[in-house]
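Below: the structure, in structure tokens.
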Amino acid sequence: MTTILFVSLVIFFALNVPIAISIGASTLISLLASPIPPTVLVQKMFTAMDSFPLMAVPFFILAGSLMEHGGISRRLIHLANTFVGHFAGGLAFVAIIASMFFGAISGAAAACVAAIGSILIPEMVSRGYGKPYTAAVQATAGTLGVMIPPSIPMIIYCVMSGVSVGALFMGGFIPGVLVGVSLMLVAWVIARKKGYRGERRFTRTERKAAFKDAFWALLMPVIILGGIYGGVFTPTEAAVVAVVYGLVVGFFVYKELKFSQMKAVFVNSAVSTAIVMFIIGTSSAFSWVITSRKIPQMAAEGMLLLSSSPVVVLLMINVLLLFIGTFMETVASIIILVPVLLPVLSALEVDLLHFGIVIVVNLAIGMVTPPLGVCLFVSCGISRISLEDISRAVWPFILVMIIDVLLLTYLPVLSYGLPKLFGLY
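Here's what the structure looks like:
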């Protein structure tokens, strides 16, 4: 019944009621005629998790936790503050820029909100910034963690679609920067309206000192991404390198990481990994069910009956993704929807790398939209405000992110320009 409900909802919002009823009925008849043994579903779950690229997931999660406890996040925040803190709403700029750097290491949005927000949200509130504004800025900035490579959702998409991980990582830079700059613009406009003044302008000497202090933190994404694009190691191996680098810098360079903290670091990382991998396993089994019942082919035929124009179909897909993102976790959405949408994309000759950027950025908006928005809940927990308060404050940021999605959808060069320039695609 879950399969029938989900498929009907998907087709209803992407197409229309008659097609949704038709496919839902077809699925029901198929399941009743040949039910799937539970052992097969369990096997599909474990097969989905038994993947070399997915080994990167636990290591990137662990690297993010080491950054948080090892002093790396704090130094990135201070460095950003010396350069942009003097603008109106300067600490909001700091939150967004620091999240971009954190995203270039961890690949997880919620971890990004927790690591940066736990430092910046109390600081911004103490400087007179409103709690709803502060929480909304940090929640939306956290979504950059999955747009700027490395990115866990990007790895999942590559596993599902066959697109090169390195190429998709390279393709995520321009979109990530585009969204980051857009968020800063909205934060600046609101800060000017509310009268949030910047900090003092730091001297060149202070900026040099901050850069020197954050040098090893800045070197981390350079090593990780440089190693991937230089062919030194794979994305999975890069995740391991990130963990080793985080341990060395935290223990021996910054000397802020203590052995007493390691239990909490490993336990929290293990719990987060277990949640993500369980979602991957169950979503993959679900995806196999709908694929085996030829739901993707029926969905493709129904969608193309409405229009054969890539412009119209991509708009319908974006609306569908925005809706699905409000109540379904990002990784699960990618695993379930990609097999459904691939036949449509192939029929319209839509570039899969380009669509990979579109689906990741689009679903990232779901992380800051009620009722599921995981980044909203993390930010609310830190700032101690209600979901209603942050929901009212976050809408200007969501609207500009939707505009960014449309730009990325209809200007594909923003996605595959860099990979083609560097010969990765």
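Under this note's numbering, the first residue of the sequence shown carries the number 1, and numbering increases by one thereafter.
Just so it is clear, CB atoms sit at the ideal spot from N, CA and C, and this is done for glycine as well.
As assigned by DSSP and simplified to three states, the class of residue i
i	result
Leu411	coil
Arg204	helix
Lys44	helix
Gly117	helix
Ser106	helix
Ser51	coil
Glu256	coil
His78	helix
Met351	Note that residue 351 is Asp in the sequence shown here, rather than Met. Correct three-state label for Asp351: coil.
Lys294	coil
His86	coil
Arg392	helix
Tyr229	helix
Val433	Since the first residue shown for the chain is 1 and the last is 425, residue 433 is missing from the structure and cannot be characterised.
Ala139	helix
Tyr245	helix
Thr234	coil
Gly302	helix
Pro370	coil
For residue j and residue i, believed in contact at Cβ under 8 Å, the rounded distance
i	j	result
Thr143	Cys375	6 Å
Val232	Pro53	Not confirmed; about 17 Å, so no contact.
Leu306	Thr330	The Cβ separation is near 27 Å, so there is no contact.
Ala104	Leu225	7 Å
Ser99	Gly145	6 Å
Val249	Ala63	In fact, because the Cβ distance is near 11 Å, the residues do not count as touching under 8 Å.
Val57	Val276	6 Å
Val265	Ser73	Contact doesn't hold; Cβ gap of about 13 Å is too wide.
Leu257	Gly70	4 Å
Ile385	Lys131	5 Å
Met303	Val344	5 Å
6 Å Cβ shell around residue i - same chain, five flanking residues per side excluded
i	result
Ser283	Ala332, Ile335 and Ile336
Leu352	Ser161 and Val163
Ala187	Gly89, Ala92 and Val137
Leu424	Gly166, Ala167 and Met170
Trp216	Val249 and Val253
Cβ-based neighbour list, residue i, same chain, cut-off 8 Å, excluding 5 preceding and 5 following
i	result
Glu68	Ala111, Ala114, Ala115 and Ser118
Phe422	Met170 and Tyr229
Ile398	Thr140, Ile365, Val368 and Thr369
Val311	Tyr410
Proximal residues to residue i (C-beta, below 7 Å), its chain only, five neighbours per side dropped
i	result
Met45	Gly281, Thr282, Ser284 and Ala285
Pro175	Met147, Ile357, Val361, Leu408, Leu414 and Ser415
Leu418	Met170, Gly171, Phe173 and Ile174
heavy atom of the ligand SAM below 6 Å from residue i C-beta
i	result
Ser283	Ligands displayed in this structure: none; no statement on the ligand SAM is therefore possible.
Below 8 Å, can you find three or more Cβ-Cβ pairs linking the stretch 199–208 to the stretch 393–407? no
Is it true that the stretch 120–140 meets the stretch 390–398, where meeting means three or more beta-carbon pairs spaced less than 8 Å apart? When C-beta atoms of the stretch 120–140 are compared with those of the stretch 390–398, three or more pairs fall below 8 Å, so the two segments count as touching.
Validate contact between the stretch 78–91 and the stretch 233–247 using beta carbons, cut 8 Å, 3 pairs: no
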